[in-house]
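Right, one structure below, let's go through it.
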């Protein structure tokens, strides 16, 4: 992976690294990608894709609010102002 | 059979808590110990499972200070069945690790503090070894129950994917995460499991399938999987096979394709899912708070996400890369195909036998020996625990030998939804095996 | 000229897409209608609302889509404070409907995809922070993606009217403001205008953008492929910083959900009111335009009119129009059939009320106090009206219309009074 690509990824993932971290993580990531490239040896073109390991039958919810998921004290963990959550500037 | 659990009378409670705290100072099994008196059967819970009113950090600084206002379904069910949560156990941050090293306060092996505990459910294994008649509610994505169970000399059961509801489990990789159990008695694990299984209206992927206990008398050894492991481990494992065949098990050797791709396939899938599951950590609604709201939201998020540990950062970056449109096919879709191919092959032999193997390819390492190994070296240590985890097969790690005072574990795998057969196997094993521990708190 | 749209519309369900909180914005305070799922708390998991799936499949069918027998969801990852999980659960290849079309005077406007997705939270921009209300987070939406088949402004207007009518007949609340992304290319390069709220603004944005691109072409200048946003106060589009590219969204299968079978759902029949209007006009030799106006957004009128014989038709239309002009709308189909048999040509409002045996409701004119309280309520219900600056006169017209309709008042005097009340509230 090129340096530019790596920096673009950091931006996309909203990860900010200092210089020291950046150096070793970039190296690690290239090592790991080489490890992943092992998959290139195998061709499984007709194989199905297993999104889950067991069959997950569909589970649908009735359009009713009788069994509402519970939560105690919505604002306990976040700052709020007049019942709004405070968030960063947009 | 019902289990036997530690429950405390009111006047015993304070003493127990202070003894537990004292032991914890040295071993770091717990991120949080609840001092409020409880009269139920004592269990502990991995710190990535939400217990109402107790901190939940998944050992991440980004969740520091977060106290969920709701219970995970497993907790709701266990509390209704008379269990009480004593505290939240240490772990690798978000479950990212095989040795327990990715945590601010390193958990120590209860047999010898210079050695690793295994991960990611490090604290659950230590708590189980430490507390009398204990079961810890743990979680495995790629081996996070088996590895620490093996290194800490306890039994660890990872159920079939979907059998235990994940509602309230802080996600690592949703298609791989499985809540499971550590204990030192098959009866105890069975009692906890029986009270937690079953479909949950709050988790789409939780299943109502009945769990069977068809115990085969055949044990398959996958020869090509044994190739890369330590010679000493191989010898001990051979001895185990001799013992088991004396008990009437038929040992059969087979080869299986694609297993050598299971570790990269697992890391590809788990990292890409993890990179989406960790997108919610932004520093304002819960957990770590960025104080300065006047930062532009992008800078604000970047500043919050500095709290991730180095392994979390690596996985988020790599996962983001793997998901990008132009290379998704090369890694992500290939990994899904490999998962499908391996499920098919394992499924076939699991129809009439267990698969058996050592749990880890090495003896319990010292902390100093693995502290600085590269990520790829570390990931490769999961070669034996990854295949059943990738494919959602239930598996059990059980202790079978003590090598220079340190425990050794082996792993049996069975077919989807045949989880109880593993506990029957464990019951049978416990008939002639004596768990050993250095100290027990009660 | 090529125009393509991505239209977002809220579905008429009682509860949210993946949790049991109420789906409509109510009068309660912010963040009163939330749970771990729609707050995106660690550990929460989504469970799909069956009704939302049924309505979406019905809409996709009404838009002539091929229905995916197995439909599934993806995570679209991007970072914005109103998006609680850091990803939106939406659909792509596994969308409920693909490859559909809308018939517009014999021409087909292609529908690329009808997809189900969750609405983010409501966010209010303040100088040094933002305020977030998760009551809206998780409200079920359909995103309807068209092919770039629209080739003129008239076609755009016609398409939107047709689409709204089809959605109305699927039970969608048609008074909601549609949120649309619009792409327009007069030359090769594609310009996207994101997040346009309301039909009026959509047309204004398209008009401006067509003018802008034409004059660039005339001047021999290059048109940049870019994302722009529409400014309501000046009716312009301005270049905006690109948020994420397709590549960066990193769409991936939503592993907390599974595949859903669309073949066993109860599907609502499609009603294409514009086609019905065409048939009625032909059969009854009557003005298609008039019929369209009566039935495009009125189920009752449609059912009244299709029940009429050719002899009754003309009389039926004028009866409907007359009753409407008197503000009488609560008559039943039987009453309508009775009325049509009688001589009603000379009846005025009181005569109709007598005929229907109604008195009280229409005699009491809403007094000013009641109207004032009503306006307050409307503004507190839909705070976005305040956010978008109702003061500028455009949203004002909309509000005045709504209040007039609700209280059966008319005339300039009433309009002035309503305006006065709203302005006084804004200044507080």
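Protein chains in written order, with my numbering: chain A, 228 to 317; chain B, -18 to 423; chain C, 5 to 432.
The beta-carbon is built from N, C-alpha and C at its ideal position, and this holds for glycine as well.
Nothing here was measured: the structure is a model prediction, and the numbers come from that model.
Under the Cβ criterion of 9 Å, residue 233 (chain C) is not counted among the residues facing chain B.
Here residue 411 (chain C) is buried. Its C-beta has 16 or more other C-beta atoms within 10 Å. Ranked by Cα distance from residue 156 (chain B), the options B:263, B:253 and B:213 are led by B:253. Exclusion of the five residues before and after residue 194 (chain B) leaves 401, 402 and 405 as the residues of its chain whose Cβ lies within less than 6 Å of its Cβ. Looking at the DSSP output, residue 195 (chain C) sits in a beta bridge with C:188 and C:230. Scanning the segment 0 to 57 of chain B for uninterrupted beta strand (DSSP E) segments of 3 residues or longer gives 11 to 14 and 22 to 27, listed from N- to C-terminal end. Here the alpha carbon of residue 122 (chain B) sits roughly 40 Å from the alpha carbon of residue 185 (chain C). Neighbours of residue 321 (chain B) across chain A, judged by C-beta separation under 7 Å: 274, 275, 276 and 277. With contacts defined by Cβ atoms closer than 9 Å, residue 330 (chain C) and residue 301 (chain C) do not form a contacting pair.
Look at residue 310 (chain A): its C-beta is under 9 Å from a C-beta on chain C. Distance between residue 136 (chain C) and residue 192 (chain B), taken at the CA atoms: about 45 Å. Per DSSP, residue 250 (chain B) is one residue of the alpha helix (DSSP H) stretching across 243 to 258. In the structure shown, the three-state DSSP call for residue 71 (chain C) is strand. Secondary structure note for residue 146 (chain C): its beta strand (DSSP E) is the uninterrupted segment 144 to 150. Only exposed fits residue -17 (chain B), as fewer than 16 other CB atoms lie within 10 angstroms of its CB. Between the C-alpha atoms of residue 321 (chain B) and residue 280 (chain A) there is a straight-line separation of about 8 Å.
For residue 137 (chain C), the uninterrupted beta strand (DSSP E) run begins and ends at 134 to 137, by DSSP. With respect to the C-alpha of residue 151 (chain C), the residue from C:225, C:120 and C:189 having the closest C-alpha is C:189. Interface criterion met: the Cβ of residue 151 (chain B) is under 9 Å from a Cβ in chain C. Proximity of chain A to residue 66 (chain B) at the Cβ level (cut-off 8 Å) is not reached, the minimal Cβ distance being about 16 Å. For residue 233 (chain B), there is no enclosing alpha helix (DSSP H); the residue is found in the beta strand (DSSP E) stretching over 231 to 235.
Contact annotation for residue 397 (chain B) against chain A: 281 [CB-CB distance below 7 Å, chain order].
Residue 293 (chain A) belongs to the set of residues whose beta carbon lies under 9 Å from a beta carbon in chain C. Interface with chain B (9 Å Cβ-Cβ cutoff): residue 243 (chain A) is included. Among the residues facing chain C, residue 297 (chain A) is included, as its CB has a counterpart in that chain under 9 Å away. The beta carbons of residue 124 (chain B) and residue 367 (chain B) sit closer together than 9 Å. When C-beta distances to chain C are compared with 8 Å, the residues of the segment 137 to 148 of chain B below that value are 147 and 148, in chain order. Of all residues in the segment 379 to 393 of chain B, none has a C-beta nearer than 9 Å to a C-beta of chain A.
Residue environment: residue 229 (chain C) is assigned as exposed (fewer than 16 neighbouring CB atoms within 10 Å of its CB, all protein chains considered). Under DSSP, the beta-bridge partners assigned to residue 6 (chain C) are C:189.
Of the residues assessed, residue 386 (chain B) falls on the exposed side of the cut-off, its CB having fewer than 16 other CB atoms within 10 angstroms.
Annotation: Cβ neighbours of residue 245 (chain B) in chain A (cutoff 7 Å, chain order): 262, 263, 265 and 266.
Residues of chain C whose Cβ lies closer than 7 Å to the Cβ of residue 155 (chain B) are, in chain order, 259 and 260. Per DSSP, reduced to three states, the secondary structure at residue 264 (chain A) is helical. Contact annotation: residue 388 (chain B) and residue 380 (chain B) have beta-carbon atoms nearer than 9 Å. Within chain A, the residues 295, 296, 297 and 298 have their CB atoms less than 8 Å from the CB of residue 39 (chain C), given in chain order.
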